[in-house]
Structure formats: C-alpha cells, structure tokens
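So in our numbering, spot 109 of the sequence shown is number 394, and the numbers just go up one at a time.
C-beta: ideal position from N, C-alpha, C; glycine also.
These numbers were taken from a predicted model, which means no experiment stands behind them.
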Amino acid sequence: MLNWLIHIFIDAGVLLIAAKMLPKVELKGWKTAIIVAFIIGILSFFLSWILTAVLNIATLGIFYFLGLGFITRIIAYAIIIELADKLSKDFKTHGFMPSLWLAVIIAIVGAIVDWIIL
C-alpha cells in the first residue's frame, strides 16, 4: 500500500514536469496531477492486463516473443492515459503521441523508483 502511494505522488510529479516539457499536454496544477495519477493507477490496476493481452493477441505475440513485451505495455499505458484524459477535465493530451511519450516517461521513472525501493 505504501509503495502504491509513493508511486501516486511520484507519478503526479512526473505528470507536472512532463506537462511543462511536452507542449501538447495540459495539466492545471498539483491537485489535478494527484487526481490524474490516482485515476491512472486505478485504471492501470483494472485494465492494464486486459489491454496488454489484447495487444499481444493482435500482434500475434511478436513483441512478446522477441523480448519486447514492454512495447505492448507502454501502448496499453498510453491508452490508459487517454482514458484518464477523458475522465478529467483539467488534464488534456492533444493526440495519441503525447500520451505515448507520457507513458514512456512514467514507465522509466516508475522502473527507477521500483529499483530504488526494492
């Protein structure tokens, strides 16, 4: 539970920084960043495995068998970010590419945080 809360706050910080760096990502403030990080966390918990499975089936498992399964996970995470965009009025990504870049940034920072915590 504590690890999950740490990830929420770190993801909120990453969202704020990424919103400043990426011109097509809009985020109102810290409170919105925490809410959006919470939404992304909940959606990721419930939908990530389904989206990853669907993408693996759609690509016939090519990325998985080549050892590039993280690509399907990143795309699934970008779809989850798009869903969070639709659920929040103060968070907007204009197009799929900013969501994809945001997913890559959050995945890299999340992996680093997991490495430090463990």
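Would the beta-carbon of ASP375 be found less than 8 Å away from any heavy atom of the ligand ADP? Among the ligands in the structure shown, none appear at all, so the ligand ADP cannot be discussed.
Tell me which residue opens and which closes the alpha helix (DSSP H) that LYS305 is part of. 287 to 306
Closest Cβ-Cβ distance between GLU311 and chain E: below 9 Å? In summary, chain E is missing from the structure at hand, where a single protein chain is found.
Of the residues LYS309, ALA396 and LEU353, which one's Cα is nearest the Cα of THR337? Nearest in C-alpha terms to THR337, of all of LYS309, ALA396 and LEU353, is LEU353.
Suppose contacts are defined by Cβ-Cβ distances below 9 Å. Is ALA361 in contact with LEU387 by that definition? no
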